[in-house]
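Data block below; observations after.
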Amino acid sequence: MKKATSTDFDIVIVGGGIVGATMACMLKNLPLRVALVDRILHDPTNVPYLQGEQKFDPRVSALTTASINLFSDLGVWESITGMRCCSYQAMEVWDAEGTGQICFSAEDLKQPSLGTIVENSIVNTALYSLLNNIENLELLAPVEIEDLSTIQYGDDFRAKLTTKDGRELTTTLVVAADGTNSRIRSLAQFKTREWDYEHQALVTTVRTELPHEHRALQRFIDTGPLAFLPLLPAADSEDEGYCSIVWSLVPERSRKMLEMTDQQFKIELALNLEHKLGNIEAIEQRFVFPLRQRHAIDYFRGNIVLVGDAAHTIHPLAGQGVNLGLLDAATLSGELARGVLAGRNIADPIVLGRYQRKRIGHNLGMMWLMEGFKHLFAEQTLPVRWLRNMGMSGLDNISVIKNHLARRAMGLD
152 MKKATSTDFD
162 IVIVGGGIVG
172 ATMACMLKNL
182 PLRVALVDRI
192 LHDPTNVPYL
202 QGEQKFDPRV
212 SALTTASINL
222 FSDLGVWESI
232 TGMRCCSYQA
242 MEVWDAEGTG
252 QICFSAEDLK
262 QPSLGTIVEN
272 SIVNTALYSL
282 LNNIENLELL
292 APVEIEDLST
302 IQYGDDFRAK
312 LTTKDGRELT
322 TTLVVAADGT
332 NSRIRSLAQF
342 KTREWDYEHQ
352 ALVTTVRTEL
362 PHEHRALQRF
372 IDTGPLAFLP
382 LLPAADSEDE
392 GYCSIVWSLV
402 PERSRKMLEM
412 TDQQFKIELA
422 LNLEHKLGNI
432 EAIEQRFVFP
442 LRQRHAIDYF
452 RGNIVLVGDA
462 AHTIHPLAGQ
472 GVNLGLLDAA
482 TLSGELARGV
492 LAGRNIADPI
502 VLGRYQRKRI
512 GHNLGMMWLM
522 EGFKHLFAEQ
532 TLPVRWLRNM
542 GMSGLDNISV
552 IKNHLARRAM
562 GLD
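If you count by our numbering, then the sequence shown holds residues 152 to 564, one letter each, in order.
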């Protein structure tokens, strides 16, 4: 990776998180000048993993088999597993208002695992180690984009990005990977469909009395789903006492949870998980962030294209957000490579249109599935609760359908 000296590029990726960094890595073999722009300078020495076994990043991702295969192909998965991550072989989901439950098993699917829980900072550390060795890439950070415009050179249209410190970058294609509140999406005036869930996600890391046994647990409560995601403190550790939690709550409830003492919250948390992992013995700092559903009507306009949360934001119900974004990056990079091979302009609507057609239907399908689950479990009337419990228990006994759903979620089908 070169130092930032140029101002003219073929592709500028805005956003250096997991999806943006992955996108940059996937372009490494193309004869293109690429820039990765991020408002934060990634410091590989300032990650919780390096601060001790009991320190965890509150931001984690549940990577599917498809995402793991993608990272393996890039050559970074070995680096990730060499730091720390936790595969899970089972997932238990149950309804607080009744007896309905469903259990997914990697053994039933003849897979080594259902997925792997990884701290986001560890994924980024592995990706940036690879980025440092890419010759056709320049990193611009910390840099914030202030403005976006289009300029014309004869028959060629290029994008001009103006940074907050006054620099101007020109490029054939802008890839917006700058997250749910995408500055590029806003500047390019993409239309979106969106609504507020009127919920917040509370996240933290806890130590539990009983081992998680490489299981992910999710309980549907009337206030929102509560998920316990298994963690390991080191790559070779057998200590199964750590979990990352994600709890969807109405704002008033999340405020009360933040105001509780650690001891009060530990008691409340164990109670709401029905003591499946015993008592909560320790807890790290709690954080909350708002939950909002958003989907861009189009994934590209002119020479601007959206990937990841910039294109779609879904409920963290099944941890699918980053996996969908990684599939976006893989599909777009594949179509760009195909376009280069055919001699097309990388911003050609034919090239970007193929990306949009391949991803928009899949992403919408996953979004509506998660939306359906959310509304199904939010309904507390007695007839719906009865049908919900009967449906979950019935589905648990129909292995063909249950395993098909699991394979879809894992990106295998």
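C-beta: ideal position from N, C-alpha, C; glycine also.
Item checked: Inter-stretch contact (C-beta, 8 angstroms, three-pair minimum) for the segment 442 to 462 and the segment 325 to 342 -> yes
Note to self: Since Gly266 and Thr323 should fall inside the 8 angstroms C-beta cutoff, what is the C-beta to C-beta distance between them, to a whole number of angstroms?
What the structure shows: With 8 angstroms as the limit, Gly266 and Thr323 do not qualify as a contact, their Cβ atoms being about 36 angstroms apart.
Notebook entry, point to check: Can the beta-carbon of Met177 be found less than 7 angstroms from the beta-carbon of Ser399?
Noted result: no
Next item on the list: Could you say which of Ile162, Asn287, Leu380 and Gly317 lies nearest to Ala241 if we only look at CA atoms?
Entry: Leu380
Check: In the structure shown, what three-state DSSP assignment does Val211 receive?
Finding: strand
Note to self: From the DSSP secondary-structure annotation, give me the bridge partner or partners of Phe451.
What the structure shows: Val456
Margin query: Short of 6 angstroms in beta carbon distance, which residues of its chain neighbour Ile455, apart from the five on each side in sequence? Order them along the chain.
Written below: Val325 and Ala339
Item checked: Same chain, Cβ closer than 8 angstroms to Glu391, neighbours up to 5 away in sequence not counted -> Pro362, His363, Glu364, His365, Pro381 and Leu383
Check: Which residue spans inside the segment 333 to 385 form an unbroken alpha helix (DSSP H) run of at least 4?
Finding: 334 to 338
Notebook entry, point to check: Rounded to the nearest angstrom, how far is the Cβ of Pro293 from that of Leu420, given a contact under 8 angstroms?
Noted result: No, Pro293 and Leu420 are not in contact; Cβ-Cβ is about 36 angstroms, not under 8 angstroms.
Next item on the list: With a cut-off of 8 angstroms on the beta carbons, I'd call Leu181 and Gly171 a contact; round off their distance for me.
Entry: Not really, about 16 angstroms apart at Cβ, beyond 8 angstroms.
Notebook entry, point to check: Hey, how far is the Cα of Leu290 from the Cα of Gly166?
Noted result: 11 angstroms
Notebook entry, point to check: Do you know offhand how far Leu409's Cα is from Pro209's?
Noted result: 15 angstroms
Next item on the list: Tell me where the beta strand (DSSP E) around Glu319 begins and ends.
Entry: Glu319 to Ala327
Note to self: Buried or exposed for Ser280, going by 16 or more other Cβ atoms inside 10 Å?
What the structure shows: exposed
Item checked: Bounding residues of the alpha helix (DSSP H) (the contiguous stretch that carries Ala217) -> Thr216 to Leu225
Next item on the list: Can you grab the Cα-Cα spacing for the pair Tyr200 / Asp306, in whole Å?
Entry: 50 angstroms
Next item on the list: Provide the residue(s) that pair with Ile296 in DSSP beta bridges, ordered along the chain.
Entry: Thr314
Item checked: Any 3 or more C-beta pairs closer than 8 angstroms across the segment 401 to 415 and the segment 343 to 352 -> yes
Next item on the list: Starting from Gln252, trace the alpha helix (DSSP H) both ways and give me its first and last residue.
Entry: From DSSP, Gln252 is part of no alpha helix (DSSP H) but of the beta strand (DSSP E) over Gln252 to Ser256.
Item checked: Closest Cα partner of Ser256 within the set Ser238, Ser272 and Ile273 -> Ser238
Next item on the list: Return helix, strand or coil for Gly168, following the three-state DSSP convention.
Entry: coil
Notebook entry, point to check: With 16 as the cutoff for other CB atoms within 10 Å, does Ile169 come out buried or exposed?
Noted result: buried
Item checked: Three-state class that DSSP yields for Ile418 in the structure shown -> helix
Checklist line | Minimum C-alpha distance to Arg406 - residue among His466, Phe438, Ser395 and Ser388 | finding: Phe438
Note to self: Which same chain residues end up closer than 7 angstroms to Ser300 when comparing Cβ atoms and leaving out the 5 residues on each side of it in sequence?
What the structure shows: Lys311
Next item on the list: Please name the residue in Glu295, Ile302 and Ala327 whose C-alpha comes closest to that of Gly317.
Entry: Glu295
Item checked: Of the residues Cys236, Met518, Ala488 and Leu183, the one placed nearest Tyr506, counting alpha carbons only -> Ala488
Checklist line | Pair within 7 angstroms by beta-carbon distance, Ile418 and Thr355 | finding: no
Notebook entry, point to check: From the DSSP output, which residues share a beta bridge with His193?
Noted result: Paired residue(s): none; His193 is not in a bridge.
Notebook entry, point to check: Between which two residues does the beta strand (DSSP E) carrying Ser566 extend?
Noted result: In the structure as shown, the chain starts at 152 and stops at 564, and residue 566 therefore has no counterpart that could be examined.
Checklist line | Exposure of Val272, with buried meaning 16 or more beta-carbon neighbours within 10 Å | finding: For the sequence presented, residue 272 should be read as Ser rather than Val. Buried, since its Cβ has 16 or more Cβ neighbours within 10 Å.
Next item on the list: May I ask you to list the residues that DSSP assigns as paired with Gln303?
Entry: Phe308
Checklist line | Which listed residue (Leu278, Phe416, Asn284 and Thr374) has its alpha carbon closest to that of Leu477 | finding: Leu278
Note to self: Relative to the C-alpha of Gly453, which candidate in Glu360, Leu515, Arg309 and Ser388 has its C-alpha closest?
What the structure shows: Arg309
Next item on the list: Select from Thr482, Ala367, Val357 and Val473 the residue whose C-alpha is nearest the C-alpha of Tyr450.
Entry: Thr482
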